[in-house]
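Undergrad:
Protein chains: 2
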Amino acid sequence: MRRKSLAGAVCPIARSLDVIGDWWSLLIVRDALRGMRRFSEFQKSLGVSKNILTQRLRTLVAQGILELAPATDGSAYREYVLTAKGRDLFHVLVALGQWGQEHLDPPAGSRLTMVDRARGEPLRRLELRARDGRVLGPGDTIMTKIA
Amino acid sequence: MRRKSLAGAVCPIARSLDVIGDWWSLLIVRDALRGMRRFSEFQKSLGVSKNILTQRLRTLVAQGILELAPATDGSAYREYVLTAKGRDLFHVLVALGQWGQEHLDPPAGSRLTMVDRARGEPLRRLELRARDGRVLGPGDTIMTKIA
DNA sequence: GATGACAGGTTTCATGATGGAACCAGTTGG
DNA sequence: CCAACTGGTTCCATCATGAAACCTGTCATC
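Heads up: the sequence lines are chains W and B, in that order.
Using this note's numbering, read the first sequence as starting at 29 and increasing by one per residue.
Using this note's numbering, read the second sequence as starting at 29 and increasing by one per residue.
(1) Residues of chain W with a CB under 8 angstroms from the CB of K113/B: which are they?
(2) Could you name the residues of the region 141–152 of chain B whose beta carbon sits closer than 9 angstroms to any beta carbon of chain W, in the order they occur along the chain?
(3) Closer than 7 angstroms, Cβ to Cβ, to anything on chain W: give me those residues from the region 64–79 of chain B, in chain order.
(4) From the DSSP secondary-structure annotation, give me the bridge partner or partners of M142/W.
(5) With DSSP run on the structure shown, which of helix, strand or coil describes V57/W?
(6) What in chain W is Cβ-close to I56/B, meaning under 9 angstroms?
(7) Could you name the residues that DSSP lists as bridge partners for V163/B?
(8) First and last residue of the alpha helix (DSSP H) that includes E69/B?
(9) Using a beta-carbon distance below 9 angstroms, is Q83/W in contact with chain B?
(10) Any beta-carbon of chain W closer than 9 angstroms to the one on S44/B?
(11) Would you call L176/W buried or exposed, if buried means 16 or more other Cβ atoms sit within 10 Å of its Cβ?
(12) Against S138/B, what residues of chain W qualify as contacts under a CB-to-CB distance less than 9 angstroms, listed in chain order?
(13) Do the region 86–98 of chain W and the region 107–123 of chain W touch if we need at least three Cβ pairs shorter than 8 angstroms?
(14) Who are the near neighbours of D59/W in its chain, counting only those whose CB is closer than 8 angstroms to its CB and skipping five residues on each side?
(15) Any beta carbon from chain B within less than 9 angstroms of D168/W's own beta carbon?
(16) From the DSSP output, in three-state form, read off P40/W for me.
(17) Output needed for Q126/W: all residues of its chain with C-beta closer than 7 angstroms, excluding positions within five of it in sequence on either side, in chain order.
(18) Please state whether the Cβ-Cβ distance between A35/B and R66/B is less than 9 angstroms.
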């Protein structure tokens, strides 16, 4: 049977994973955040086959994460650009990046890290704070139903 | 051909997705953070078939995200508990949850949100800050090679 | 200490998703 | 006008997913 759709889940995490929880989507968004816009750029960067890329780009557009825009270089081609909804995935990618950097060994000789572009300095770790400013950890939150 | 392994990728985001970028793993971690420990609890909560759940739990254990511990109720069964590495996925889940809550419509009548357990108050949005305290957005960071 | 139910799987099989390669139409550069 | 490039589509083999049946060890009860 087809994998179950989580689109109608009550849990917002499950709904998110339904949309961007597949193998390629977040990597496409990552590249888009780095400024990539063209089909061929994504294909080259990801090494994914073209039929799959076509399919993923189409769903991302359908979900309002990317949109098609006329090419910036004046050619007749079109480019994929992030919408506000797509750019809001930034924190998801940062969280994934910080976790990977901390817990997964990089290949020998090339360690990448995200830095503050303006100053070239390393970033702080993401922190979740309560309204009163306390930093919250895994045990300090709970899901509740709201009106 | 099998989906390409990203385990040796230079990008920490890609390495993370290689480990927890599949359909179920993060949902299992979400449930584990909520306190679930038993095979049957996960199966009931996720509605996944048992062979798939077996497989996912095994990889999560192999990756050091979960570990097997003797049951807390004194029975001979074993339970799956998060390691520190697994608990560190908290921010990834928070980021996914905040994005889903903001951009994906919940099913009618049941909106869930994450709150500060101690006070029942809503949380602040995750913020990424530079070392000097500036809040950084998608355009303000860049990946660099470090020694 | 037999017995039936439950926990936690494994096996089998059908079906859907993935990926490589070949092919193709519209665009561009020369 | 022709060749190469962009951005796909189609076809096919293979892999992963999922449902259901089965199986083994544990627990609760009598």
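The beta carbon of each residue, even a glycine, is placed where N, CA and C say it ideally should be.
TA: Working from what's here:
(1) H131
(2) T141, M142, V143, D144, R145, A146, R147, G148, E149, P150, L151 and R152
(3) G75
(4) M171/B
(5) helix
(6) Within chain W, no residue comes near I56/B; the closest Cβ sits about 11 angstroms away, beyond 9 angstroms.
(7) R157/B
(8) F67 to L74
(9) no
(10) yes
(11) Past the edges of chain W, shown from 29 to 175, lies residue 176/W, and the structure says nothing about it.
(12) V38 and K173
(13) yes
(14) E69, F70, S73 and L74
(15) yes
(16) helix
(17) R153 and L154
(18) no
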